[in-house]
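One structure below.
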Amino acid sequence: SQELEQSPQSLIVQEGKNLTINCTSSKTLYGLYWYKQKYGEGLIFLMMLQKGGEEKSHEKITAKLDEKKQQSSLHITASQPSHAGIYLCGAEYGNKLVFGAGTILRVKS
Amino acid sequence: NAGVMQNPRHLVRRRGQEARLRCSPVKGHSHVYWYRQLPEEGLKFMVYLQKENIIDESGMPKERFSAEFPKEGPSILRIQQVVRGDSAAYFCASSPRSAFYTEAFFGQGTRLTVV
Numbered sequence: 001s002q003e004l005e006q007s008p009q010s011l012i013v014q015e016g017k018n019l020t021i022n023c024t025s026s027k028t029l030y031g032l033y034w035y036k037q038k039y040g041e042g043l044i045f046l047m048m049l050q051k052g053g054e055e056k057s058h059e060k061i062t063a064k065l066d067e068k069k070q071q072s073s074l075h076i077t078a079s080q081p082s083h084a085g086i087y088l089c090g091a092e093y094g095n096k097l098v099f100g101a102g103t104i105l106r107v108k109s
Numbered sequence: 001n002a003g004v005m006q007n008p009r010h011l012v013r014r015r016g017q018e019a020r021l022r023c024s025p026v027k028g029h030s031h032v033y034w035y036r037q038l039p040e041e042g043l044k045f046m047v048y049l050q051k052e053n054i055i056d057e058s059g060m061p062k063e064r065f066s067a068e069f070p071k072e073g074p075s076i077l078r079i080q081q082v083v084r085g086d087s088a089a090y091f092c093a094s095s096p097r098s099a100f101y102t103e104a105f106f107g108q109g110t111r112l113t114v115v
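Take a look at the structure:
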């Protein structure tokens, strides 16, 4: 079973619409990372959350960490075609940086 | 200030050959992680190395796969006697210390195709 579950697995949204991606951990979260990957390319670091209740924003992307629920959410406001890609959450468990399976985002113009 | 460099970017091997994937971490980083990504799947942890030591190889297949991070030079992921199922993108990441509280920098990946 996955230590980090992401939902939804894939998402198609109309340009301009808002969307949310969720990441739930089966273990206590001490820090959570969000990355973006464009098809066929490497990972781009988006943000890292460390404290319960922490919220960070970068341009139109906001991420929150809820430690009590062992969850994080990534919210994109007014989506654009440039937001398309695979969004991955990651967390450190022991020695390993473990990732969720990813959420594939497609934005229709 | 170079980031994580992986080479080659693309590698084609026939079944039964060996594949060597190289990862040069960010200068000064002594922690390297290798991941495998199959088509339409997320990143699967393979191995975590510090200089000259394997810290965690719980995600690496017991046979045919090996990894090293020598005192000098890049980290190497070696796959012997490749099979079609080894076709995937292999990514490495580096960090100055254990990734907790710091961001890990990823390379662009090596795409291995076994024909």
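Line by line, the protein sequences are chains A and B.
Under the numbering used here, the first residue of the first sequence carries the number 1, and numbering increases by one thereafter.
Under the numbering used here, the first residue of the second sequence carries the number 1, and numbering increases by one thereafter.
Don't be surprised by glycine CBs; every beta carbon is placed ideally from N, CA and C.
A quick note: this is a predicted structure, and the numbers were derived from the prediction, not measured.
1) Please classify R84/B: does DSSP put it in a helix, a strand, or coil?
2) Where E55/A and L65/A are concerned, what is the direct C-alpha to C-alpha distance, given to the nearest angstrom?
3) Looking at the C-beta of G85/B, does it have a partner C-beta in chain A at a distance below 8 angstroms?
4) Whose C-alpha, out of K51/B, Q37/B, E52/B, is nearest the C-alpha of F45/B?
5) Below 8 angstroms on the Cβ atoms is my contact criterion, and I expect R9/B with T110/B to pass it. Report the Cβ-Cβ distance as a whole number of Å.
6) Since L112/B sits in a beta bridge, which residues does DSSP pair it with?
7) I want to verify the contact list: residues of chain B whose CB lies under 7 angstroms from the CB of V98/A, in sequence order.
8) Is it buried or exposed, G31/A, if we count other Cβ atoms within 10 angstroms and call 16 or more buried?
9) Determine which residues share a DSSP beta bridge with I76/A and list them.
According to the structure data:
1) Here residue 84/B corresponds to residue number 84 of the second sequence, with the count starting at 1. DSSP places R84/B in helix when its eight states are reduced to three.
2) Walking along the first sequence from the start, residue 55/A turns up at place 55. Walking along the first sequence from the start, residue 65/A turns up at place 65. Here the alpha carbons of L65/A and E55/A stand approximately 7 angstroms from one another.
3) Taking the second sequence and counting its residues from 1, the one referred to as residue 85/B is at position 85. For G85/B, the answer is no, since every Cβ of chain A falls outside 8 angstroms of its Cβ.
4) The residue you call residue 45/B lines up with position 45 of the second sequence. Here the closest residue by C-alpha is Q37/B.
5) As a working mapping, residue 9/B is identified with position 9 in the second sequence. As a working mapping, residue 110/B is identified with position 110 in the second sequence. Rounded, the Cβ-Cβ distance is 6 angstroms, consistent with contact.
6) Taking the first residue of the second sequence as 1, we reach residue 112/B at position 112. In DSSP, L112/B forms a bridge with L11/B, A88/B.
7) For the purposes of this step, residue 98/A is identified with residue 98 of the first sequence, where counting begins at 1. By Cβ distance, chain B contributes F45.
8) Here the question's residue 31/A lines up with position 31 in the first sequence. Counting Cβ neighbours within 10 Å, G31/A comes out buried, since at least 16 surround it.
9) For the purposes of this step, residue 76/A is taken as the residue at position 76 of the first sequence. For I76/A, which the question treats as bridged, DSSP gives the partners L19/A, I61/A.
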